[in-house]
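For reference, the structure is listed below as structure tokens.
2 protein chains.
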Amino acid sequence: MSADTNNAPDSAAQAAKAILARLYTPILTELKQVEEMYRTELSSDDPYIANLLEYIEDYSGKKLRPALLLLAGKACGTVGRDHIILGVVAEMLHTATLVHDDILDDALLRRKRASINALAGNEVSVLLGDHIFSHAFEISLECTTPVGAREFSRAMARTCFGEIMQVHNRNNFELSEAKYFEIIEGKTAELYATSAMLGAHYSGADEKTCRAFYDYGMNLGRAFQIMDDLLDLLGEESLVGKTLGSDVEKGKPTLPLIHHLTHVNEAGRAQALKAAAEGKRAELMELLHQTGSFKYAAARANAFVSAAKKGLDVLPGGDMRDLLYEVAEFVLSREL
Amino acid sequence: MSADTNNAPDSAAQAAKAILARLYTPILTELKQVEEMYRTELSSDDPYIANLLEYIEDYSGKKLRPALLLLAGKACGTVGRDHIILGVVAEMLHTATLVHDDILDDALLRRKRASINALAGNEVSVLLGDHIFSHAFEISLECTTPVGAREFSRAMARTCFGEIMQVHNRNNFELSEAKYFEIIEGKTAELYATSAMLGAHYSGADEKTCRAFYDYGMNLGRAFQIMDDLLDLLGEESLVGKTLGSDVEKGKPTLPLIHHLTHVNEAGRAQALKAAAEGKRAELMELLHQTGSFKYAAARANAFVSAAKKGLDVLPGGDMRDLLYEVAEFVLSREL
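Same order as they appear, the protein sequences are chains A and B. Here this note's numbering is used: the first residue of the first sequence is 48, the next is one more, and so on. Here this note's numbering is used: the first residue of the second sequence is 48, the next is one more, and so on.
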């Protein structure tokens with residue numbers, strides 16, 4: 048780590064931004080349209096509500112979900128108004144979950160600004176999230192067919208189930224890897240999968256191709272969440288721009304920890320859980336290193352990215368497929 | 048009040064139930080179908096989630112919204128599968144708002160049982176409400192046309208805005224009557240209006256009739272909320288089966304209070320607000336009686352019920368219209 052650690056996060060973030068800017072090149076115009084429509088749709092005649100909606104525009108960050116939807120569309124044919132609408136829907140649904148997540152996490156910061164619940168309280172956050180959900184469903188019906196509305200509402204219902212299971216398994220350090228994956232497939236990967244699939248669908252892709260894109264997004268989402276787990280353990284607060292009470296401190300079993308706990312004996316388990324309970328981060332990190340648990344998690348993320356790429360065999364070779372390979376690889380490069 | 052006050056609430060509730068049972072006669076079969084589908088749709092493979100969903104089935108009470116939808120449908124023609132689906136959607140959306148309302152209110156009881164947030168915590172309540180919203184939208188798309196999905200998502204977006212405005216105006220005892228109505232039309236009446244309108248629409252009613260039913264539901268909703276305000280001030284905890292911290296104590300300006308505050312001088316305002324702030328309920332009640340504020344609110348509720356009935360002139364006379372008159376009047380009889 049360089050002596051000038053304060054600058055490191057910014058330059059890492061800038062590097063990521065630069066990569067994304069390049070990856071988004073084929074969909075630049077469309078992404079701009081998504082951003083414009085997103086802004087227009089998050090508005091109200093009531094000055095107080097208008098102000099809140101304006102504030103949370105900043106919740107929208109890398110726009111990975113709309114980008115995935117647009118890139119999948121581009122790879123399969125022509126991108127049209129349905130893609131723009133559903134790009135907005137994907138981003139709004141994601142924003143609504145962030146607004147509600149902040150209540151769950153009691154987060155004070157979001158993207159280095161006060162979170163909406165810190166600003167306006169939990170009640171308003173619940174209701175604002177509800178409004179954004181409802182309005183997202185409303186505009187999804189502006190598409191030429193109801194497929195997008197149907198798939199996104201199904202996806203969101205599953206996302207919530209994944210999140211509930213996560214809350215229910217807090218402090219459950221017996222959590223199996225299988226259940227861990229059930230949770231992250233719901234809470235994180237489903238929305239990526241559905242975005243990618245709908246992008247293909249609305250460009251007229253056949254069912255097999257749509258399914259391939261669904262799997263692509265699902266694998267990307269799995270890899271993304273595992274990297275998030277790693278980031279939470281290995282990263283720094285200043286790096287990720289939100290209050291980072293570590294997952295472990297919050298009793299959230301992550302993949303490296305689950306791996307570790309299933310690869311030590313009783314005494315080893317007790318030692319790790321004690322270190323976690325007492326917030327002895329350095330000790331816990333050392334233990335996880337010893338069982339190769341970070342390496343294991345990184346390897347799993349890698350494997351999901353490979354599977355994501357492999358699934359795209361269904362596409363003809365060319366620039367767009369190469370670019371989707373790079374998008375998958377980008378997930379692994381996340382500011383670690 | 049009778050000496051045997053403990054029995055009074057139950058008999059009042061039973062009387063209301065008996066009236067509703069009679070009013071629901073023409074739609075008994077369909078309402079049963081709604082109930083069955085509602086139960087089927089609120090399920091999960093995960094045992095923990097299945098248990099939560101089963102628990103909140105009890106949140107569904109009088110089924111006023113699906114009943115309104117079915118009765119409107121019956122009044123305009125034949126009731127079919129679309130009505131059943133949308134009846135379920137109306138009830139699920141209402142349930143989701145109740146689940147989230149309990150977080151906002153910090154309610155410990157709902158229908159005399161522990162509320163879901165008391166049972167499973169705020170986090171699970173937020174997510175469970177989100178799931179029910181999403182799933183309601185999902186099944187609304189099973190209708191033969193997307194009109195129901197579109198109207199209910201629009202209605203929910205407005206409902207949330209109404210609720211946000213209410214939170215924002217807490218402790219704002221300068222609230223105008225106009226803003227009060229804007230709030231209750233959103234948070235309460237919109238879902239009634241949309242339910243009634245969709246019932247008519249899916250029975251093939253023309254636009255004018257659909258609009259009349261929308262207005263009917265809106266007026267019913269306004270009256271319903273005003274009666275709720277009155278109930279909160281004049282009722283008793285045991286009567287309504289939920290933790291009843293009075294609206295006034297929570298800083299929620301209700302119609303009788305707004306009326307009172309605009310019909311006294313500065314000293315009168317100060318006196319009323321002091322009584323409210325100090326929780327001197329008896330004194331406050333006496334003050335409101337002096338300005339005829341309860342009478343005023345009751346008269347407004349009455350006028351909305353009359354307007355609701357008048358709007359049904361668009362229908363041919365007959366049993367169904369008479370029954371819809373009675374439904375409107377029922378709102379005024381609520382367990383006061």
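Where is the CB? At the ideal position from N, CA and C, for every residue including glycine.
Assigned exposure category for Glu-325 (chain A) - 16 Cβ within 10 Å defines buried: Here residue 325 (chain A) refers to the residue found at position 278 of the first sequence. Glu-325 (chain A) should be labelled exposed.
Here's the rule I'm using: 16 or more other beta-carbon atoms within 10 Å means buried, otherwise exposed. How should Asn-54 (chain B) be labelled? On the second sequence, residue 54 (chain B) is found 7 positions in, with the first residue counted as 1. In this prediction, Asn-54 (chain B) scores a pLDDT of 46, lower than 50, which makes its location untrustworthy; the coordinate-derived value is nonetheless stated afterwards. Label assigned to Asn-54 (chain B): exposed.
Please identify, using Cβ separations under 7 Å, the residues of the stretch 191 to 209 of chain B that lie next to chain A, in order along the chain. Pro-193, Ala-196, Arg-197, Ser-200, Arg-201, Met-203, Ala-204, Cys-207 and Phe-208
What residue from B:Ala-196, B:Lys-109, B:Glu-88 and B:Ala-354 has the CA that sits closest to His-178 (chain B)'s CA? For the purposes of this step, residue 178 (chain B) is identified with residue 131 of the second sequence, where counting begins at 1. Closest option to His-178 (chain B), Cα to Cα, is B:Glu-88.
Segment limits, alpha helix (DSSP H) that includes Ala-324 (chain A): Against the first sequence, residue 324 (chain A) aligns to sequence position 277. Segment 313 to 324, the alpha helix (DSSP H) holding Ala-324 (chain A).
Expected contact under 8 Å - CB spacing of Ala-196 (chain B) and Phe-184 (chain B) to nearest Å: One-based indexing of the second sequence puts residue 196 (chain B) at position 149. One-based indexing of the second sequence puts residue 184 (chain B) at position 137. With 8 Å as the limit, Ala-196 (chain B) and Phe-184 (chain B) qualify as a contact, their Cβ atoms being about 6 Å apart.
Tell me, to the nearest whole angstrom, how far the beta carbon of Ala-323 (chain A) is from that of Val-295 (chain A); I am working on the premise that it is less than 8 Å. Translated into positions along the first sequence, residue 323 (chain A) becomes position 276. Translated into positions along the first sequence, residue 295 (chain A) becomes position 248. Contact holds; Cβ gap of about 5 Å.
Quick check: is the beta carbon of Lys-289 (chain A) nearer than 9 Å to any beta carbon in chain B? In the first sequence, residue 289 (chain A) corresponds to position 242, counting from 1. Reliability of the predicted coordinates at Lys-289 (chain A) is poor, the pLDDT of 42 falling under 50, and no value is obtained from them.
Since Glu-254 (chain B) is in the alpha helix (DSSP H), which residue starts that stretch and which ends it? By one-based count along the second sequence, residue 254 (chain B) stands at place 207. From DSSP, the alpha helix (DSSP H) with Glu-254 (chain B) extends over 254 to 281.
Would you kindly work out how many angstroms separate the C-alpha atoms of Tyr-263 (chain A) and Asn-219 (chain A), rounded to a whole number? One-based indexing of the first sequence puts residue 263 (chain A) at position 216. One-based indexing of the first sequence puts residue 219 (chain A) at position 172. Near 30 Å, if we compare the C-alpha coordinates of Asn-219 (chain A) and Tyr-263 (chain A).
Counting only Cβ pairs nearer than 7 Å, list the residues of chain B close to Glu-185 (chain A). To locate residue 185 (chain A), count along the first sequence from 1; it is residue 138. Within 7 Å Cβ-Cβ: Arg-197, Ser-200, Arg-201 and Ala-204.
Residues of the stretch 255 to 284 of chain A with Cβ closer than 7 Å to any Cβ of chain B, in chain order: none
May I ask which residues mark the beginning and end of the alpha helix (DSSP H) holding Glu-198 (chain A)? To locate residue 198 (chain A), count along the first sequence from 1; it is residue 151. Its alpha helix (DSSP H) spans residues 194 to 215.
Ordered along the chain, which non-local residues of its own chain (more than five positions away) have a Cβ less than 7 Å from that of Thr-125 (chain B)? Your numbering for residue 125 (chain B) matches position 78 in the second sequence. Contacts found: Ser-250.
Quick one, are the C-beta atoms of Met-244 (chain A) and Ala-119 (chain A) less than 9 Å apart? Position 197 of the first sequence, counted from the start, is the residue given in the question as residue 244 (chain A). Position 72 of the first sequence, counted from the start, is the residue given in the question as residue 119 (chain A). Yes.
If we count Cβ pairs, one from each stretch, closer than 8 Å, do we get three or more for the stretch 88 to 108 of chain B versus the stretch 228 to 238 of chain B? The stretch 88 to 108 of chain B vs the stretch 228 to 238 of chain B: no contact.
Close-in-space but distant-in-sequence residues of the same chain around Gly-127 (chain A) (CB under 6 Å, 5 per side omitted): As a working note, residue 127 (chain A) is residue 80 in the first sequence. Contacts found: none.
Between the C-alpha atoms of Ala-137 (chain A) and Leu-166 (chain B), what's the straight-line distance to the nearest angstrom? What you label residue 137 (chain A) is simply residue 90 of the first sequence in a count that begins at 1. What you label residue 166 (chain B) is simply residue 119 of the second sequence in a count that begins at 1. Here the C-alpha atom of Ala-137 (chain A) lies approximately 32 Å from the C-alpha atom of Leu-166 (chain B).
Let me see if you follow: with CB-CB separation under 9 Å, is Gly-176 (chain A) close to chain B or not? What you label residue 176 (chain A) is simply residue 129 of the first sequence in a count that begins at 1. With 9 Å as the cut-off, Gly-176 (chain A) counts as an interface residue toward chain B.
Which value, in whole angstroms, describes the spacing of the CA atoms of Asp-253 (chain A) and Tyr-71 (chain B)? Indexing the first sequence from 1 puts residue 253 (chain A) at position 206. Indexing the second sequence from 1 puts residue 71 (chain B) at position 24. Taking the straight line joining both Cα atoms gives about 48 Å.
Does any C-beta atom of chain A lie closer than 9 Å to the C-beta of Tyr-239 (chain B)? Reading the second sequence from its first residue, position 192 is the one you call residue 239 (chain B). Closer than 9 Å: no.
Which of the three DSSP states is assigned to Pro-300 (chain B) in this structure? Here the question's residue 300 (chain B) lines up with position 253 in the second sequence. In this structure, Pro-300 (chain B) counts as coil in the three-state DSSP scheme.
Between the stretch 203 to 218 of chain A and the stretch 204 to 223 of chain B, can you find at least three pairs of beta-carbon atoms closer than 8 Å? Verdict: no, contact absent.
Using a Cβ-Cβ cut-off of 9 Å, state whether Asn-349 (chain B) counts as contacting chain D. The structure shown contains no chain D; its protein chains are A and B.
Close beta carbons around Pro-363 (chain A), own chain, < 8 Å, minus the five adjacent residues each side: Along the first sequence, one-based indexing puts residue 363 (chain A) at 316. So the list is empty, once near-sequence residues are dropped.
Where Asn-164 (chain B) and Leu-371 (chain A) are concerned, what is the direct C-alpha to C-alpha distance, given to the nearest angstrom? Here residue 164 (chain B) corresponds to residue number 117 of the second sequence, with the count starting at 1. Here residue 371 (chain A) corresponds to residue number 324 of the first sequence, with the count starting at 1. Their backbone Cα atoms lie some 43 Å apart in a straight line.
Below 9 Å between beta carbons: does that hold for Tyr-261 (chain B) and His-306 (chain B)? Residue mapping note: residue 261 (chain B) aligns to position 214 of the second sequence, counting from 1. Residue mapping note: residue 306 (chain B) aligns to position 259 of the second sequence, counting from 1. For Tyr-261 (chain B) and His-306 (chain B), no; Cβs fall outside 9 Å.
Would you decide whether Asp-148 (chain B) is buried or exposed? Buried here means 16 or more other CB atoms lie within 10 Å of its CB. Your numbering for residue 148 (chain B) matches position 101 in the second sequence. Looking at its Cβ environment, which holds 16 or more other Cβ atoms inside 10 Å, Asp-148 (chain B) is buried.
Find the residues of chain B that neighbour Glu-138 (chain A), judging by a C-beta separation of less than 8 Å, and give them in chain order. Your numbering for residue 138 (chain A) matches position 91 in the first sequence. What Glu-138 (chain A) touches in chain B: nothing, since even the nearest Cβ is about 16 Å away.
Among A:Asp-366, A:Ala-375, A:Glu-376 and A:Phe-377, which one has its Cα closest to the Cα of Pro-73 (chain A)? Counting from 1 along the first sequence, the entry for residue 73 (chain A) is found at position 26. The shortest Cα separation from Pro-73 (chain A) among A:Asp-366, A:Ala-375, A:Glu-376 and A:Phe-377 belongs to A:Asp-366.
Apart from the five residues on each side of it in sequence, which residues of its chain come closer than 6 Å, Cβ to Cβ, to Ala-355 (chain B)? By 1-based counting over the second sequence, the position of residue 355 (chain B) is 308. These residues qualify, in order along the chain: Tyr-263, Asn-266, Leu-267 and Ala-375.
Inter-stretch contact at 8 Å, needing at least 3 Cβ pairs: the stretch 296 to 304 of chain B / the stretch 336 to 350 of chain B: In the pairwise beta carbon analysis, the stretch 296 to 304 of chain B is classified as touching the stretch 336 to 350 of chain B: at least three pairs are separated by under 8 Å.
Leaving out five residues on either side along the sequence, give the residues of the same chain with a beta carbon under 6 Å from the beta carbon of His-310 (chain A). In the first sequence, counting from the first residue as 1, residue 310 (chain A) sits at position 263. Thr-338.
Unbroken alpha helix (DSSP H) run spanning Lys-19 (chain A), endpoints: Any answer about residue 19 (chain A) is impossible in this case: the structure gives chain A only from 48 up to 383.
Can the beta-carbon of Ala-278 (chain A) be found closer than 9 Å to that of Leu-335 (chain A)? Against the first sequence, residue 278 (chain A) aligns to sequence position 231. Against the first sequence, residue 335 (chain A) aligns to sequence position 288. Per the sequence shown, the amino acid found at residue 278 (chain A) is Leu instead of Ala. No, the pair does not count as a contact, with Cβ atoms beyond the cut-off.
6 Å Cβ shell around Gly-315 (chain B) - same chain, five flanking residues per side excluded: As a first step, residue 315 (chain B) is located in the second sequence; it is residue number 268 there, counting from the start. If we look at Gly-315 (chain B) and ignore the five residues flanking it on each side, it has no Cβ neighbours.
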